[in-house]
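J.:
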């Protein structure tokens, strides 16, 4: 239902194509451009997601294990290594994740952060972290912390692939620069005191070099070329003259002689971190697939099972603890298990004990949002989990679905499909069935040789019963993929480099055609783009062929949003420019600058657009929430203070977004205005009559009065509009003969919300 523009409201509107500022549209003052209601609904995702970790001892010698728990903000959590009781929970300022931790030679724990690339120190027994500053200006991630000579600390960075030194005695940093040209990550390091050098693992070419801090010399790559596809090592542990290197892509552990670089043992599916046995003859490793801890025997160069650790996705902060006496030593292994548990194993007693870490879940940043076919709103989080908000009840179910991080979400019928990172996997959730065993479930993933990771582009065709996916490749790669999944046959077809060397990041569907938008960039750590402009392509679902590929806007680098617009054309957002593509004429018919943008580096997501039930197009981009008139193409800036991102529409016509403010990206927000709400209410009443839940006499009365309310609202007569809305409420109250109580009460609640919304708007 298309509603015309209300008169007499305070609008901040500018015509498309007019320049404003160099950084974005003109700021909105106190009053919103289009009067509407914003509501912060809460946090749909709270989890304990432990990453990183380091064992340490308290001032009295008490043994501890620890981890960084992701969230807003991240937290440092220490746990008594034997009782498994929580000792400390301390916020890590300015970051949502801190995967790199090490206990220094001074006994303190050092923590490297992501996003801010800072270093913090925890002194055991204290209640706060000590900020140590930023090791290297311009870097955004700290990885691979390790101990070096003279009590100094060393680590690596992204995106410069640089190595740094920190001296706890003086507080001074030293920047060694980029060690391996072309490699953007230093992910793992280990120091060899015997040789006075470091073993450094880089990405995304998965290289291994030796680095001498005294001379600055860097050796040639010691990693076999056949392992370059592994992207990078997650951990390097030097034990007994051997390098235990866990590789990222396949979680393969290789045991390499530190001098010859000969690989003496290989095993897939191993967690990062390997620790020595008490007597030094073995090294312990954990394999999540069989849930066992295994011992690598240095003499035989083979492994043997030791004990069942538990069904966890990995371990961290693992350590051996002497629990006996000097005369009669005994040992217990302790480790943080998976995301939110801890495990001990008493070797003498042969007894394993595990329990959940008793700390509150941290708010998790929202990654993607979608309105479900059941009327509920689904939000997936960074590091996984799906929270559900029910508009009918106002109930939030935080993290209620165990699905990994979804980059995109779409639906066919009652089934939601989630495009999952990593490895470009696909999961489904049948909204008509309760959550439980087999629901949700992972059902497919793109082939390993397609080298894909992130399915941002997700769209479905109800008429064809098929799902279409567009992806960003794995670390270090250029060239995304396009995939077609058929739920009926469970078949998946994959087309790599459908647009050469570009990532496919947004999809729309209409009348047997799939429309795709691309970014010139590949994954993190990829080579420089080979193209200069993002593309629009058209895929014919019947023939299975790409039939058109064009540059929609000259000089623009990424098409980040495509939708079927209110006029039936394809509307796209290409680096700040709205373009309209006519499917019949197969050409771009209009382009209009929405805001001046120039991407400076890798971009996969920016704009999110949706057609509102009022016939206008709503969008978010660069922290700006805007509305484009479906007819005139005028733009109204609705908000630029909350830095909104993502966007979806529920069945009532309300819009949902997430805050983009640092520290608040876990917040789910709802927006509506009278035009949206009236159009949504008209649709609900029409649907009630169509499905038989409302009889014709009541339908005729309520729909006529609602149309009168719309007429008066559009004419700027608020009181008359409210009068007719109240008449609809009264008709529903006495209409028990023609509709059930749940139907009537649900509609009444929605109508009362619209009345309240109208009455809060001044000057009408």
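In mature numbering (1 follows the signal peptide of the UniProt record, and there is no 0), the protein residues as written are -22 to -1, 1 to 742.
Virtual Cβ for every residue (Gly too), placed ideally from N, Cα, C.
Predicted model, so just to flag it, every value in this text is computed and none were measured.
(1) Work out the CA separation of residue 556 and residue 805 for me, nearest whole Å.
(2) Let me confirm a value: residue 246 is counted as buried when at least 16 other C-beta atoms fall within 10 Å, else exposed. Which label applies?
(3) Would you tell me roughly how many angstroms separate the C-alpha atoms of residue 328 and residue 17, rounded to the nearest one?
(4) Taking DSSP as the reference, what is the three-state secondary structure of residue 684?
(5) Say whether the region 162 to 172 touches the region 413 to 430, bearing in mind that this needs 3 or more beta-carbon pairs closer than 8 Å, one atom from each stretch.
(6) Beta-carbon separation of residue 564 and residue 602 under 9 Å?
(7) Taking all protein chains shown into account, decide if residue 428 is buried (16 or more other Cβ within 10 angstroms of its Cβ) or exposed.
(8) Am I right that residue 118 and residue 136 are in contact with their C-beta atoms under 8 Å? What's the rounded C-beta distance?
(9) Spatial neighbours of residue 260 within its chain, please: C-beta separation below 8 Å, excluding the five flanking residues on both sides.
(10) Once you ignore the five residues that flank residue 728 on each side, which residues in its own chain have a CB closer than 8 Å to its CB?
(11) Residue 425 to residue 466, Cα distance in whole Å?
(12) Let me know if residue 440 comes out buried or exposed under the rule of 16 or more other beta-carbons within 10 Å of its beta-carbon.
(13) When the distance is taken between beta carbons, is residue 676 closer than 9 Å to residue 716?
(14) Please report the straight-line C-alpha distance between residue 58 and residue 300, rounded to a whole angstrom.
(15) Excluding the 5 residues preceding and the 5 following residue 256 in the sequence, name in chain order all residues of the same chain whose CB lies nearer than 6 Å to its CB.
(16) If you measure from the CB of residue 362, is any heavy atom of the ligand GDP nearer than 8 Å?
(17) Check the Cβ-Cβ distances between residue 719 and every residue of chain D, and say whether any is below 9 Å.
(18) I'd like to check one pair, residue 397 with residue 386: are the Cβ atoms closer than 9 Å?
(19) Using the Cα positions of residue 75 and residue 91, report the straight-line distance between them to the nearest angstrom.
(20) Is it a yes or a no for the region 607 to 621 touching the region 505 to 516, going by three-plus beta-carbon pairs under 8 Å?
(21) Leaving aside the five residues before and after residue 719 along the sequence, list all residues of the same chain whose C-beta is less than 7 Å from its C-beta, in chain order.
(22) Start and end of the alpha helix (DSSP H) containing residue 653?
(23) By alpha-carbon positions, which one of 26, 83, 202 and 77 ends up nearest to residue 67?
(24) Would you kindly work out how many angstroms separate the C-alpha atoms of residue 493 and residue 624, rounded to a whole number?
(25) Measure the alpha-carbon distance for residue 237 versus residue 431 and round it to whole angstroms.
(26) What did DSSP end up calling residue 129 once you bin it into helix, strand or coil?
(27) Indicate whether residue 482 and residue 522 have their beta-carbon atoms separated by less than 9 Å.
(28) To which residues of the same chain is residue 762 closer than 6 Å at the C-beta, ignoring the five residues directly before and after it?
(29) Check each candidate in 72, 666 and 736 and name the one with the smallest Cα separation from residue 690.
(30) At 4 residues or longer, what runs of the alpha helix (DSSP H) sit wholly inside the region 693 to 726?
(31) Select from 402, 400, 388 and 399 the residue whose C-alpha is nearest the C-alpha of residue 408.
(32) Which whole-angstrom value is the C-beta distance of residue 35 and residue 102, which I expect to be below 8 Å?
(33) Just to confirm the assignment, what range does the beta strand (DSSP E) spanning residue 312 have?
(34) Kindly confirm or deny that the region 203 to 222 and the region 177 to 186 touch, where touching means at least three C-beta pairs closer than 8 Å.
(35) Grab me the residues of residue 485's own chain with a C-beta within less than 8 Å of its C-beta, minus the 5 sequence neighbours each way, in chain order.
(36) With DSSP as the reference, label residue 796 as helix, strand or coil.
T.: In short:
(1) Residue numbering for the chain in the displayed model covers -22 to 742; residue 805 lies beyond these limits and cannot be assessed.
(2) exposed
(3) 55 Å
(4) helix
(5) no
(6) no
(7) buried
(8) 6 Å
(9) 254, 273, 274, 275 and 276
(10) 630, 655, 658, 659 and 662
(11) 19 Å
(12) exposed
(13) yes
(14) 14 Å
(15) 298 and 309
(16) No copy of the ligand GDP appears in this structure; indeed no ligand is present at all.
(17) The displayed structure is made up of one protein chain only, and chain D is not part of it.
(18) yes
(19) 6 Å
(20) no
(21) none
(22) 652 to 668
(23) 26
(24) 20 Å
(25) 35 Å
(26) helix
(27) no
(28) Residue 762 falls outside the range modelled here, since the chain spans only -22 to 742, and no answer is possible.
(29) 736
(30) 696 to 711
(31) 388
(32) 7 Å
(33) 309 to 315
(34) yes
(35) 435, 436, 437, 446, 447, 448, 492, 493, 494, 495 and 540
(36) For residue 796 there is no data in the structure shown, the boundaries of the chain being -22 and 742.
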